[in-house]
Structures are given as C-alpha cells and as structure tokens.
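Undergrad: Here you go, one structure.
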Amino acid sequence: MNINYYRGSEENVLGRYVESAKKFNADVVVRITGDNPLTDIDLIDKLIDAHFKFNSDYTYCLDTPLGVSAEIINSKILKEISLKADLDYEKEHVTPYIRSHSEKYKILKFNSNLKHQYIRLTVDTNEDLDLIKVIYQNLGDLENLNINDIINFIKQNPEISQINSKIKQNPDNTIKNINIAFLTEGSSKIGMGHVYRSLTYAKELMENLGVKAYFLTKSNENVIKTIEDENFTIFKMKDDDEIVDILKELDINLTIIDNLNFKESILSKIKDKLDTKVVMVDNLTPKNDKYADVVLSLVRSNFDNKDCYNKNINTKYFCGPKYLILRNEFDSFKNKKDLKPEIEDILLIFGGSDPSNHTSAVLEKLSNNLRVNIVIGPEFKYFDDLEKVNKKIPNKNVKIHKEPGNIAELMYNADLVITSPGLSMFEAVYVGSPVLAISQNYLQNHYYTPLNYEYLLPKSEINSIEHYLDELSSLKRRKDILKFFNELDVGKGKVEVFKYLSEMILKDDHNAFIE
4 MNINYYRGSE
14 ENVLGRYVES
24 AKKFNADVVV
34 RITGDNPLTD
44 IDLIDKLIDA
54 HFKFNSDYTY
64 CLDTPLGVSA
74 EIINSKILKE
84 ISLKADLDYE
94 KEHVTPYIRS
104 HSEKYKILKF
114 NSNLKHQYIR
124 LTVDTNEDLD
134 LIKVIYQNLG
144 DLENLNINDI
154 INFIKQNPEI
164 SQINSKIKQN
174 PDNTIKNINI
184 AFLTEGSSKI
194 GMGHVYRSLT
204 YAKELMENLG
214 VKAYFLTKSN
224 ENVIKTIEDE
234 NFTIFKMKDD
244 DEIVDILKEL
254 DINLTIIDNL
264 NFKESILSKI
274 KDKLDTKVVM
284 VDNLTPKNDK
294 YADVVLSLVR
304 SNFDNKDCYN
314 KNINTKYFCG
324 PKYLILRNEF
334 DSFKNKKDLK
344 PEIEDILLIF
354 GGSDPSNHTS
364 AVLEKLSNNL
374 RVNIVIGPEF
384 KYFDDLEKVN
394 KKIPNKNVKI
404 HKEPGNIAEL
414 MYNADLVITS
424 PGLSMFEAVY
434 VGSPVLAISQ
444 NYLQNHYYTP
454 LNYEYLLPKS
464 EINSIEHYLD
474 ELSSLKRRKD
484 ILKFFNELDV
494 GKGKVEVFKY
504 LSEMILKDDH
514 NAFIE
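In the numbering used here, the protein residues as written are 4 to 518.
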C-alpha cells in the first residue's frame with residue numbers, strides 16, 4: 004500500500020500533529036486515534052460540516068460512546084497551543100490546553116444527541132477487545148456498520164456491555180476519583196428547571212473531571228425517567244431523612260443542592276457528619292448560606308453580577324446572570340444570528356410543567372400567519388386543552404415538541420421566544436432570540452421585578468399579549484432587547500465557576516480543570 008505518513012515523537016503527540024500538518028500542508032486536522040476501530044464516519048462528516056459552518060477553531064463531540072468520535076482543529080491553532088502548552092499531559096493528549104483556555108478560542112461542542120456515553124467502544128484492554136469481537140461477529144456488514152446499529156444492538160442485548168463495564172476510563176484531566184451528589188426536585192407544581200439545571204452541571208463535571216454523579220430525589224416517575232434517560236444513577240427517597248445516610252454510603256466529595264427551600268436541619272447534618280463540600284444553587288433562604296462552601300444564585304444580587312467571598316461564614320458567592328450555567332448545546336449557536344425584519348417564527352416554552360397552562364392561553368392569542376413551535380415537558384398536564392386550542396384555529400402552522408433534544412436550535416430559529424422568567428429566558432437571548440416573558444406565579448413576578456425588563460409581564464397581562472406582540476414587530480425594539488441582555492454578560496462566567504469548583508474539590512492541583 005502506498006500511504007503517506009509522518010513519524011514523530013512518541014511522548015509529544017501535540018508536536019507530532021503540528022509537524023504532520025506542516026508536512027502535508029493541511030489547514031485543518033481531523034484527530035482519530037488508532038485504538039478506536041468503530042469510529043463513525045457519518046458522525047465525523049457531521050463534525051466537519053459543523054466545524055466549517057460555524058468557522059470554529061476546534062470542534063469536538065458530546066455524549067457519544069467512548070471510541071466513536073473525533074476532534075477537529077485548525078492547524079494554525081495546533082501550532083499556537085504547541086508553543087504555549089507546558090504540561091506533559093497537554094502535549095501527550097493534544098487538546099487539553101485549548102479546552103482549558105476556551106475563552107481564547109472559538110470552540111464548538113457538537114451535540115450528537117446519541118446520549119450513550121456510558122458505552123465503551125475503545126480498545127485499551129482485553130475486555131474491550133472481547134466486546135469489539137462480539138460486535139463484529141454479530142453485525143456482519145462491517146462496511147456499512149454505523150454507531151446507531153451498534154447502540155441498538157447493545158440496547159437489545161444489554162449483557163454485552165457488561166463485558167468491559169468494569170474497565171474505568173481515566174480521562175486525561177482526572178486526578179482522582181470524585182463522587183458528586185445532586186439533590187434536586189421537579190414536579191408539575193414547581194416545574195422541571197431545577198432538574199434540567201442539575202443535569203447540566205452533572206454533564207459538565209463528568210466531561211471535565213471524569214466524576215461519578217448521583218441524583219437523590221423524592222420526585223415522581225416522570226422526573227426519574229428524565230434523569231435515567233441521561234444515564235445517571237438515581238436514589239429515590241421517601242423523605243429527606245435518608246439523605247445523610249446515602250451520601251455517607253456513596254463517599255460523596257461534593258454535594259450540589261438545587262432546591263429553593265432546602266431544610267436547614269438536613270444541611271446542618273450534612274456539614275456535621277460528612278466530609279463533603281456543599282454548593283447551593285438558587286436557595287432562597289440566606290440563613291442557609293453558612294452551611295455552603297459555594298452559593299450560586301441568579302436572583303440574590305438583584306441581577307447584578309457579583310463574585311465575592313464572605314470570610315465570616317467561609318462562603319464563596321457567584322451571583323447574577325453572568326454565572327448561569329447553560330447547556331453546551333447553546334454555545335454552538337451563540338453570536339451567529341441576524342434578526343429578521345419581521346416576526347415569522349415563534350417558540351412557546353413555559354418549562355417542563357407549565358402549571359398555569361400559559362402555552363394554551365398564548366397560542367390562542369397568536370395570529371394565523373405565524374409559524375409556532377411549542378415545547379412541552381414531562382410534567383405538562385394540559386395536552387388536551389392545547390390540542391383543542393390548536394384545532395380551533397386550523398390555519399395555524401403549529402408543531403408540538405415533547406421533550407426535544409434540540410431546544411437550542413429551536414430557540415435559535417425563532418424570531419421571538421415567549422416563555423417565563425427563568426433559565427429559558429436567558430437561554431433564548433444567549434443564542435440571539437428576543438424574549439417576551441410572562442410570569443407563572445407570585446415568586447417569579449417578585450424575584451424578577453428587579454431585573455427591570457420592559458417585556459417581563461405579570462400573569463394578569465396574558466390577555467393583552469397582542470399589544471406587546473405589535474410593539475415587538477419593530478426590529479429596533481427586538482434589537483434593544485438583545486442589547487439589554489448582552490450588557491448582563493449572560494453565561495460568560497461559566498469557566499470561572501467550574502474552575503473554582505474543580506480547584507475546590509481537587510485541592511491545590513490547579514491544572515486539573517479542563518473547560
């Protein structure tokens with residue numbers, strides 16, 4: 004076989020890539036490692052298309068089984084990071100430096116929507132090789148084999164994944180075994196925002212630090228299924244008194260509590276009886292701060308961005324929109340949108356439950372010539388009402404999405420997003436879509452009033468929504484909305500938050516964090 008190749012340093016793989024790109028005059032390098040015989044060609048094609056479409060410096064994939072994806076990086080960036088990378092593991096593993104300095108580069112985190120990262124399809128051990136042999140022997144048509152065939156085969160034969168299930172991958176950036184617990188709740192009454200946010204934290208920390216994440220909840224089966232679908236281990240509790248015993252059994256290093264009114268008595272026991280750091284997310288009870296090592300809050304600072312440390316109680320604060328942790332999928336659409344002169348596409352998204360059924364009420368008020376996408380979650384109880392409204396106005400172009408995996412894309416494609424004040428509001432403006440926000444309850448109205456956002460309406464104004472839609476038909480008004488939110492630095496402190504958390508649980512090893 005006549006194959007061109009380059010042979011370089013065994014230890015400095017980053018340098019080897021730089022010299023290879025130089026020898027073959029390559030502008031872009033696709034990194035595929037030799038221990039991954041099931042690398043998926045279709046997925047790589049999608050990665051390449053996305054890399055060029057969004058003019059990225061570096062593109063990698065999320066939520067895929069280990070051993071099927073690739074990384075794409077521009078040659079000039081490879082050369083630049085090779086001059087800056089000082090640590091041996093940064094040179095050995097090629098891309099850790101660019102991930103840990105993401106603020107300097109255009110990084111695209113491609114969402115594959117495969118969601119089967121627990122499947123191990125690389126070959127590092129004899130057990131790995133045994134599993135690959137079973138796949139080859141049973142699926143036959145190797146030329147046309149793709150990752151979906153493999154995933155379906157393993158799902159239908161779950162015992163196969165047990166062949167190498169005890170092999171633990173040691174990610175490039177993992178310093179030690181870290182166990183993290185998430186205490187969160189969701190329901191038709193309080194919505195699903197706390198659960199979705201906890202899942203975002205869990206995925207980030209799992210990807211960046213190789214952590215093991217567990218969920219503890221008293222929520223119903225819909226909430227449990229939502230968490231299980233992301234392949235996390237769940238402990239269903241009857242009451243909060245079980246929390247301390249479960250955390251102790253799991254040897255938890257970090258406990259993240261995303262619950263508006265968590266009991267002080269349980270917090271006291273966690274801090275007294277366990278050796279765990281505690282992070283509290285949007286807890287509305289300031290007296291509980293003394294039990295937290297870190298407090299993350301959107302509303303506690305009246306939407307001013309504050310990064311400070313209270314020496315009296317030894318608590319670090321990250322407050323304000325800057326420190327919102329948005330899902331990786333939203334980064335792919337940031338700063339890539341131009342507003343249309345007119346509103347043609349509207350997205351309705353009122354959380355995972357929409358307890359006030361704003362979805363049906365707003366849909367009834369929209370004009371017939373609009374295209375409307377509707378997102379509903381697992382706790383939405385008004386589907387029959389929504390269908391009745393939809394059928395009453397047959398000329399409407401309406402699509403209903405139940406728990407879609409492409410919310411960022413739906414928001415990006417909307418000319419206007421109508422939602423409740425909260426995470427969805429900030430997600431929408433993050434990808435460049437103006438927002439009309441309607442409060443669901445007193446708490447939302449009370450806590451978001453200090454934001455002083457012109458198009459944040461109380462629940463009582465829902466019948467006047469046509470008036471506000473007329474105002475927002477003005478392109479200037481919609482641009483002013485984005486300018487208002489842009490000045491809040493939404494999501495820009497994400498790296499700071501995760502760097503602090505990683506350094507906190509990894510003690511003094513500041514090189515452990517990878518964004």
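Idealized CB from N, CA, C, for every residue including glycine.
Establish whether the CB of PHE488 and some CB of chain C are separated by less than 8 Å.
TA: Going by chain labels, chain C is absent from the structure shown, which holds only one protein chain.
Undergrad: Assuming LEU350 contacts THR362 (C-beta within less than 8 Å), just tell me the rounded distance between them.
TA: Incorrect: roughly 11 Å between the Cβ atoms, too far for contact.
Undergrad: Short of 8 Å in beta carbon distance, which residues of its chain neighbour HIS54, apart from the five on each side in sequence? Order them along the chain.
TA: Cβ within range, chain order: VAL31, THR62, ILE75, LEU111.
Undergrad: Measuring straight from C-alpha to C-alpha, what distance separates ASN455 and PHE488?
TA: Cα to Cα, ASN455 sits roughly 11 Å from PHE488.
Undergrad: In the DSSP assignment, what residue or residues form a beta bridge with ASN182?
TA: Answer is LYS215.
Undergrad: Please say whether ILE166 and LEU134 have beta carbons closer to each other than 8 Å?
TA: Cβ atoms of LEU134 and ILE166: closer than 8 Å.
Undergrad: Could you check the C-alpha separation between ASN317 and HIS404 for me, to the nearest Å?
TA: So the alpha carbons of these two residues sit roughly 45 Å apart.
Undergrad: Distance, Cα to Cα, PRO174 vs MET507?
TA: Residue placement at PRO174 is flagged as unreliable, the pLDDT there being 47, under the threshold of 50; the coordinate-derived value follows with that caveat. So the two alpha carbons sit approximately 19 Å from each other.
Undergrad: Could you have a look at PHE55 and say whether DSSP puts it in helix, strand or coil?
TA: In this structure, PHE55 counts as helix in the three-state DSSP scheme.
Undergrad: Go through the segment 356 to 434 residue by residue and report every complete run of the beta strand (DSSP E) that reaches 3 residues or more, in order.
TA: List check, beta strand (DSSP E) in window: 374 to 379, 400 to 405, 419 to 422.
Undergrad: Taking all protein chains shown into account, do 16 or more other C-beta atoms lie within 10 angstroms of the C-beta of GLU430, making it buried, or fewer, making it exposed?
TA: Classification of GLU430: buried, given that the 10 Å Cβ count is 16 or more.
Undergrad: By alpha-carbon positions, which one of ILE122, CYS311, ILE163 ends up nearest to THR67?
TA: Looking at the Cα atoms, ILE122 is the closest of the given residues.
Undergrad: Measure the C-alpha to C-alpha separation of VAL438 and TYR458 and round it to an integer number of angstroms.
TA: Whole-angstrom Cα-Cα distance: 8 Å.
Undergrad: Going by the beta-carbon positions, is the gap between ASN114 and LEU65 smaller than 8 Å?
TA: A contact, by the Cβ cut-off of 8 Å.
Undergrad: What residue range does the beta strand (DSSP E) around MET507 cover?
TA: Run containing MET507: none in the beta strand (DSSP E); it sits in the alpha helix (DSSP H), 497 to 508.
Undergrad: Would you give the residue range spanned by the alpha helix (DSSP H) that GLU130 belongs to?
TA: Here the alpha helix (DSSP H) through GLU130 covers 129 to 142.
Undergrad: State the DSSP-derived secondary structure class of TYR9, mapped to helix, strand or coil.
TA: In the structure shown, TYR9 sits in coil (DSSP, three-state: anything other than H, G, I, E or B).
Undergrad: According to the neighbour-count rule (16 or more other Cβ atoms, all chains shown, within 10 Å of its Cβ), is GLY576 buried or exposed?
TA: Here the chain has residues from 4 to 518 only, and residue 576 is not among them.
Undergrad: Are the Cβ atoms of LEU389 and ARG481 separated by less than 8 Å?
TA: No, the Cβ-Cβ distance between LEU389 and ARG481 is not below 8 Å.
Undergrad: For the putative contact between LYS462 and SER356, defined by C-beta atoms under 8 Å, what is the C-beta separation to the nearest angstrom?
TA: 15 Å between Cβ atoms; not a contact.
Undergrad: Would you kindly work out how many angstroms separate the C-alpha atoms of VAL401 and ASN372, rounded to a whole number?
TA: The alpha-carbon atoms of VAL401 and ASN372 are separated by roughly 11 Å.
Undergrad: For THR125, write down the residues that DSSP places opposite it in a beta bridge.
TA: THR125 is not bridged to any residue.
Undergrad: So, using beta-carbon positions, are ILE273 and THR258 closer together than 8 Å?
TA: Yes, these two residues count as a Cβ contact at 8 Å.
Undergrad: Below 6 Å CB to CB, which residues in the same chain sit around ASN77 once its five sequence neighbours on both sides are set aside?
TA: Result list for ASN77: VAL31, ASP60, in chain order.
Undergrad: For SER505, count neighbouring C-beta atoms within 10 Å of its own C-beta (all shown protein chains included) and say buried if the count is 16 or more, exposed if not.
TA: Buried: at least 16 other Cβ atoms inside 10 Å.
Undergrad: What do you reckon, are the CB atoms on GLY18 and SER85 nearer than 8 Å?
TA: Cβ atoms of GLY18 and SER85: closer than 8 Å.
Undergrad: Within a Cβ cutoff of 6 Å, which residues of the same chain sit near SER12, ignoring the five residues on either side of it in sequence?
TA: Once the five neighbours on either side are set aside, the close Cβ partners of SER12 are GLY18, ARG19.
Undergrad: Note down the Cα distance separating VAL434 from LYS276, rounded to an integer number of angstroms.
TA: Rounded to the nearest angstrom, the two C-alpha atoms are 43 Å apart.
Undergrad: Out of ALA184, ILE227, ASP232, state which residue places its alpha-carbon closest to the alpha-carbon of LYS2.
TA: Any property of residue 2 remains undetermined from this structure, which presents the chain solely from 4 to 518.
Undergrad: Taking VAL284 and ARG200 to be in contact with their CB atoms under 8 Å, please state how far apart those CB atoms are, rounded to whole angstroms.
TA: So it is a contact: roughly 7 Å between Cβ atoms.
Undergrad: What does the Cβ neighbour count give for GLU207, buried or exposed, with the cut at 16 atoms within 10 Å?
TA: Under this definition GLU207 is a buried residue.
Undergrad: So ARG34 is in the alpha helix (DSSP H); what residue range does that whole segment cover?
TA: That residue, ARG34, is in no alpha helix (DSSP H); its beta strand (DSSP E) goes 31 to 34.
Undergrad: If you drop the 5 nearest sequence neighbours on each side, which residues of the same chain put their C-beta closer than 6 Å to that of ASP244?
TA: Here the set comprises nothing.
Undergrad: May I ask which residues mark the beginning and end of the beta strand (DSSP E) holding LEU3?
TA: Any property of residue 3 remains undetermined from this structure, which presents the chain solely from 4 to 518.
Undergrad: Use the C-beta contact count for GLY143: other C-beta atoms within 10 angstroms, 16 or more gives buried, fewer gives exposed.
TA: Per the 10 Å Cβ criterion, exposed.
Undergrad: Using CA atoms only, rank isn't needed, just tell me which of HIS96, ASP52, ASP492 is closest to PHE306.
TA: That would be ASP492, whose Cα lies nearest to the Cα of PHE306.
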